[in-house]
Every structure is written in C-alpha cells, then in structure tokens.
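In the numbering used here, the protein residues as written are 116 to 312.
Heads up: the structure comes next, in structure tokens.
And the structure:
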C-alpha cells in the first residue's frame, strides 16, 4: 500500500493502480488504448487484448480477456484522462494521436525503459528498493494478494490469462501468510502428548 500512496499525484498513478489491481502485464498496459476502456459501464471494464509484442499479439491466446475494473482503477483512469487532456493541450501541434492511455508528453508510445525509470522513482519514494522492484512485480503482487484473500488458484489463473494453474502457482504466487496449516494442526491434535483423551 506504500507504493499506491507514493504513486498518488504522479504520472505513474493510473499505471501502477491498474498493474497492481488487475494484474495486467506491463506490455499490455503500454499498448492500452482508450477505446478498450468502458469507465461508464455497469460494470466498468477493460479489454486486455493487445500488447506491444510483435504484431500486437498477447503472450498467449488466453491472455486476451475483458475484466471488470475495480473502483479505484476507474477513479485513477478518470484522473489520468483529465491530466492527459492537459498534456495534449500543452503539446499542441506536436501531439501524436495514437489513442494510448499511457504515453509520452507528446502522445507517442512509452518504451519499457520509460516505464521502468518512472516506476523506480515511485518505488524509491515508497521506501522500496528500486533495484528489486520493477513494474512486473505488480503482477506477481496481484496474484499473491488474491491468493492470500482466499481466491482459488483456478480463478486467479483465469483472471491473469494463464492457460493453467501451474505457472500461476510456481512463478507468480508468493505466499503472504502461511496457508497450509491444517495438516500440522490435525497431527498436533492426534499426537500431542499433553492432549487429554
């Protein structure tokens, strides 16, 4: 939560909020266009359909998905859109209209280095080691937060666009609290020397 607090008021706020609260890949966020967002819908949605990868393709076929947006994402995106309109007016004729949600001050596409550099500043302000934290970590954090909240791994895999649960479990999920306690508790009850019959 320190990272979200540090991001508020920065140009990275909406990017960080989206990456952390919907678990989108950074290459999908860099390709996101305003026409893939429905902030007024019931529910508000995001179409995670394109990537900055070759030919705009997503990493896997299952990566293409439409997700409901959490309220905090909607708020951050509305604020971001207002700020982008100000940037656009300031840029004047030098603005390149690509319809990108996340772009440079002239409207052109961000590259990975732009995002990493800006992200490091926010991470540092949050008291995190910017060498250890990258934008990609937000996707890992998203999976771990859902898992810690009791969301089944199958649902998490579906939300993040994984074809199976194995990658979600092996690569992305980091346990935030011990979750496998039932076995030890049962054994303690069965074999506790102090337990009364």
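Glycine is no exception: its CB is placed at the ideal position from the N, C-alpha and C atoms.
Helix, strand or coil for residue i, going by three-state DSSP, please let me know.
i: residue 221; result: coil
i: residue 123; result: coil
i: residue 153; result: strand
i: residue 237; result: helix
i: residue 212; result: coil
i: residue 141; result: helix
i: residue 266; result: coil
i: residue 182; result: strand
Would you tell me roughly how many angstroms separate the C-alpha atoms of residue i and residue j, rounded to the nearest one?
i: residue 143; j: residue 208; result: 28 Å
i: residue 193; j: residue 199; result: 10 Å
i: residue 317; j: residue 254; result: Residue 317 lies beyond the residue range present for the chain, which begins at 116 and ends at 312; the question has no answer from this structure.
i: residue 247; j: residue 231; result: 12 Å
i: residue 265; j: residue 161; result: 24 Å
i: residue 156; j: residue 269; result: 26 Å
i: residue 236; j: residue 275; result: 26 Å
i: residue 154; j: residue 242; result: 32 Å
i: residue 131; j: residue 119; result: 7 Å
i: residue 263; j: residue 218; result: 33 Å
i: residue 205; j: residue 129; result: 20 Å
i: residue 183; j: residue 158; result: 6 Å
i: residue 195; j: residue 124; result: 10 Å
i: residue 291; j: residue 252; result: With a pLDDT of 41 at residue 291, under the threshold of 50, the modelled position of this residue cannot be trusted, and the question is left open.
i: residue 267; j: residue 256; result: 16 Å
i: residue 238; j: residue 121; result: 8 Å
i: residue 185; j: residue 261; result: 13 Å
i: residue 233; j: residue 126; result: 8 Å
i: residue 272; j: residue 258; result: 8 Å
i: residue 180; j: residue 203; result: 29 Å
i: residue 227; j: residue 221; result: 17 Å
i: residue 250; j: residue 190; result: 20 Å
Near residue i, what residues of its chain come up, given a Cβ to Cβ distance below 8 Å and the 5 sequence neighbours on each side ignored?
i: residue 117; result: 241, 242, 243
i: residue 318; result: Residue 318 falls outside the range modelled here, since the chain spans only 116 to 312, and no answer is possible.
Near residue i, what residues of its chain come up, given a Cβ to Cβ distance below 7 Å and the 5 sequence neighbours on each side ignored?
i: residue 188; result: 132, 133, 136, 137
i: residue 225; result: 145, 217, 218, 219
i: residue 245; result: 235, 238, 239
For residue i, which residues from the same chain have a beta carbon less than 6 Å from its beta carbon, with the 5 sequence-adjacent residues on both sides left out?
i: residue 163; result: 139, 143, 180
i: residue 223; result: 211
i: residue 152; result: 161
Next item on the list: Pair every Cβ in the region 134-153 with every Cβ in the region 210-217, then say whether three or more of these pairs are closer than 8 Å.
Entry: The region 134-153, when compared against the region 210-217, does touch it at the 8 Å Cβ threshold.
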